[in-house]
Structures are given as C-alpha cells and as structure tokens.
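Under the numbering used here, the first residue of the sequence shown carries the number 12, and numbering increases by one thereafter. See below for the structure under consideration.
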Amino acid sequence: MSKKWYWFYWGIAFMAVNLAAVPIAVFFLYGIEEGEGLLSADYAMATGTFLVSNFITLYTLLIIRSRDQRHFWIGWNIAALQVIALITFITSLSKVAAILTILLFSIALVLLIKQIRQNRWT
Numbered sequence: 012m013s014k015k016w017y018w019f020y021w022g023i024a025f026m027a028v029n030l031a032a033v034p035i036a037v038f039f040l041y042g043i044e045e046g047e048g049l050l051s052a053d054y055a056m057a058t059g060t061f062l063v064s065n066f067i068t069l070y071t072l073l074i075i076r077s078r079d080q081r082h083f084w085i086g087w088n089i090a091a092l093q094v095i096a097l098i099t100f101i102t103s104l105s106k107v108a109a110i111l112t113i114l115l116f117s118i119a120l121v122l123l124i125k126q127i128r129q130n131r132w133t
C-alpha cells in the first residue's frame, strides 16, 4: 500500500476519534464557572479525554513510519471500535459501553508503549 493511502486512512481515523471525543470533553466543560482558571480539574479532564482518545492515532502514526501494514490495520480497527464505543457511551451512558471504552483505551495504550519500545531499540 502506498504511503498516501496510509495517510488517508490515518486522517479518517484521527478525525473520527476526535469527533467522537468532543461531546465527552464538552460535557466536562459544561459546569465551569466564569473566571475559573485554565488549570482547573474540568479543563484537565477535557484535555485528558483528547489525549487518551488519541493513543490509537499516535500508535498508527508510528506504524506508518515503519510501513507495517498488518499492525496498521490492527490499529485502524481498534480506532474504529473505539469510535463505536465512544458513540455508544455518549448515547446510552451504559456501564457496558463505559467498560468497553476503557478496555479499548487500555489496549491502545499497551500497543503504543509496545511500539515505542520496539522503535527505540531497533
């Protein structure tokens, strides 16, 4: 697969993950009082939502550099499942959707750490 297709699919995953994370981040910012500083817990949770959501996009970005097609599609599928889990969590607020979302975030973090270690020592 050519590099432009990698970037095309990565862009779709990046936009989908971030668009699914926006409603959750906005929910954290809903109750902020006027004049509250940028270092408040609400802003930290909103920023953390975007950072945790993008673990899988960072993983696929590192995979693009190594041109590993198998792991790229693994990351892309996890990103798609993450978007589905986030949308399900937003619409239903069920415990199962929350557990699935946390599980996918954890898998993304493990894959990212594994890829960083592999790139560092090779």
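Glycine residues also receive a C-beta, built at the ideal position from the N, C-alpha and C atoms.
Cβ-based neighbour list, residue i, same chain, cut-off 7 angstroms, excluding 5 preceding and 5 following
{"i": "G86", "result": "I67, Y70, T71, I74, L122"}
{"i": "I101", "result": "P34, I35"}
CB of residue i within 8 angstroms of CB of residue j, strictly
{"i": "A96", "j": "L115", "result": "yes"}
{"i": "I118", "j": "I89", "result": "yes"}
{"i": "M56", "j": "F39", "result": "yes"}
DSSP three-state assignment for residue i, whether helix, strand or coil
{"i": "S64", "result": "helix"}
{"i": "L120", "result": "helix"}
{"i": "D79", "result": "coil"}
{"i": "L104", "result": "coil"}
heavy atom of the ligand ATP below 7 angstroms from residue i C-beta
{"i": "F66", "result": "The ligand ATP is absent from the structure shown, which contains no ligand whatsoever."}
Whole-Å CB distance - residue i paired with residue j, under 8 angstroms assumed
{"i": "T60", "j": "A32", "result": "5 angstroms"}
{"i": "N65", "j": "V37", "result": "The Cβ separation is near 17 angstroms, so there is no contact."}
Close-in-space but distant-in-sequence residues of the same chain around residue i (CB under 6 angstroms, 5 per side omitted)
{"i": "H82", "result": "I74"}
{"i": "V63", "result": "F116"}
{"i": "L120", "result": "F66"}
{"i": "Y17", "result": "I75"}
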